[in-house]
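Protein chains in written order, with our numbering: chain C, 5 to 119; chain B, 719 to 833.
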């Protein structure tokens with residue numbers, strides 16, 4: 005079975021500080037894609053960052069970066085210089101290459117950025 | 719704004735009723751996905767269509783059905799509604815299939831409340 009585990013239901017961080025959200029996954033596939041989605045109080049699902057499993061280089065998008073450890077099946081998200089607008093639920097997800105591109109989601113981490 | 723539109727935004731209906739949720743994908747996107755977000759089940763994949771054809775099914779109940787029309791918009795039909803069907807229903811779209819394109823962009827969701 006393909007599963008995603010986010011072990012931190014809730015986290016908090018002070019504004020301007022750095023926080024790391026954890027994610028582990030389980031799949032027997034070799035080719036897959038990993039994502040972090042953000043869901044603010046508006047409930048909109050926003051793609052934050054993506055990583056192809058065949059790429060060794062960790063993806064970076066402005067203040068957001070990932071630490072992808074393929075052997076350990078780990079995909080953590082680091083948010084630098086946290087801003088109040090980063091307050092949201094963060095979901096880790098992956099999709100495989102064949103059959104269906106459906107996303108399998110973790111249960112999410114609720115991140116609160118404090119002023 | 720992801721470019722994916724969903725109507726209606728909110729829907730309140732009674733048990734036993736039938737409703738239709740509508741989704742228009744981003745311009746040019748051929749794949750449409752439906753997801754259900756509930757408190758107890760989290761985010762779950764329901765069904766995927768690609769260029770009018772059903773591509774994959776997930777945890778979709780037999781009371782639920784979907785289709786994608788020639789203009790690529792999609793509809794999710796929910797019938798014999800139960801209290802447990804109350805959830806946020808998301809539509810997402812992507813340009814094509816992996817590995818060429820795999821990012822999914824989500825609509826704002828339809829909040830369904832069954833009373």
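Yeah, the Cβ is synthetic: ideal placement off N, Cα and C, and Gly gets one too.
Pull up the distance between the alpha-carbon of residue 721 of chain B and that of residue 5 of chain C, whole angstroms please.
Spanning the two alpha carbons is a distance of roughly 32 Å.
Using 8 Å as the threshold, is the C-beta distance between residue 40 of chain C and residue 81 of chain C below it?
In contact: residue 40 of chain C and residue 81 of chain C (Cβ atoms closer than 8 Å).
If we cut at 8 Å on Cβ distances, does residue 88 of chain C have a partner in chain B?
Output row for residue 88 of chain C: interface = no.
Using the beta-carbon of each residue, which ones in chain B are nearer than 9 Å to residue 51 of chain C?
Result: 720, 821, 822, 823 and 824.
Look up residue 89 of chain C in the DSSP assignment and give the residues it is bridged to.
Bridge partners of residue 89 of chain C: none, in fact.
To be precise: take each residue of the segment 738 to 758 of chain B, compare its Cβ to all Cβ atoms of chain C, and keep it if any distance is under 9 Å. Which residues remain?
Listed by position along the chain: 749, 751, 753 and 755.
Using a Cβ cut-off of 8 Å (strictly closer), state whether residue 42 of chain C contacts chain B.
It does not: the Cβ of residue 42 of chain C has no partner Cβ on chain B nearer than 8 Å.
Output the distance between the C-alpha atoms of residue 65 of chain C and residue 829 of chain B, rounded to the nearest integer angstrom.
Approximately 30 Å, taken between the alpha carbons.
Considering only the alpha carbon of each residue, which of C:99, C:21 and C:15 lies closest to residue 35 of chain C?
Residue 35 of chain C has its Cα closest to that of C:99, out of C:99, C:21 and C:15.
In the DSSP assignment, what residue or residues form a beta bridge with residue 23 of chain C?
Answer by DSSP bridge pairing, in chain order: C:83.
Can you pull the chain C residues whose beta carbon is under 8 Å from the beta carbon of residue 724 of chain B, in chain order?
Neighbours of residue 724 of chain B on chain C: none; closest Cβ ~11 Å, over 8 Å.
Taking only the alpha-carbon atoms, compute the straight-line gap between residue 21 of chain C and residue 755 of chain B and give it to the nearest angstrom.
Each residue's Cα considered, the two are about 31 Å apart.
Can you pull the chain C residues whose beta carbon is under 8 Å from the beta carbon of residue 766 of chain B, in chain order?
Per Cβ cutoff of 8 Å: 104, 105 and 106.
What do you get for residue 751 of chain B, buried or exposed, if any count of 16 or more other CB atoms within 10 angstroms of its CB means buried?
So residue 751 of chain B counts as buried.
Given this structure, state the Cα-to-Cα distance separating residue 763 of chain B from residue 86 of chain C, to the nearest angstrom.
C-alpha separation (whole angstroms): 31 Å.
Terminal residues of the continuous beta strand (DSSP E) containing residue 30 of chain C?
Where residue 30 of chain C is concerned, the enclosing beta strand (DSSP E) stretches over 28 to 30.
Determine, using beta carbons only, whether residue 106 of chain C and residue 774 of chain B come nearer to each other than 8 Å.
Yes; because the gap between Cβ atoms is below 8 Å, this pair is in contact.
Would you verify that the beta carbon of residue 111 of chain C is, or is not, closer than 8 Å to some beta carbon of chain B?
It does: the Cβ of residue 111 of chain C has a partner Cβ on chain B nearer than 8 Å.
Taking the alpha carbon of residue 27 of chain C as the reference point, which residue from C:15, C:117, C:115 and C:97 has its own alpha carbon closest?
Closest option to residue 27 of chain C, Cα to Cα, is C:97.
Identify the contact partners of residue 761 of chain B in chain C, using a Cβ-Cβ distance below 7 Å as the criterion.
Result: 95 and 109.
Taking residue 792 of chain B as part of the beta strand (DSSP E), name the residues at either end of that continuous run.
792 to 796 is the span of the beta strand (DSSP E), which, as asked, contains residue 792 of chain B.
Does DSSP put residue 760 of chain B in a helix, a strand or coil?
If DSSP states are grouped into helix, strand and coil, residue 760 of chain B belongs with the strands.
Give, in chain order, every residue of the segment 793 to 808 of chain B whose Cβ lies closer than 9 Å to some Cβ of chain C.
Listed in sequence order: 806 and 808.
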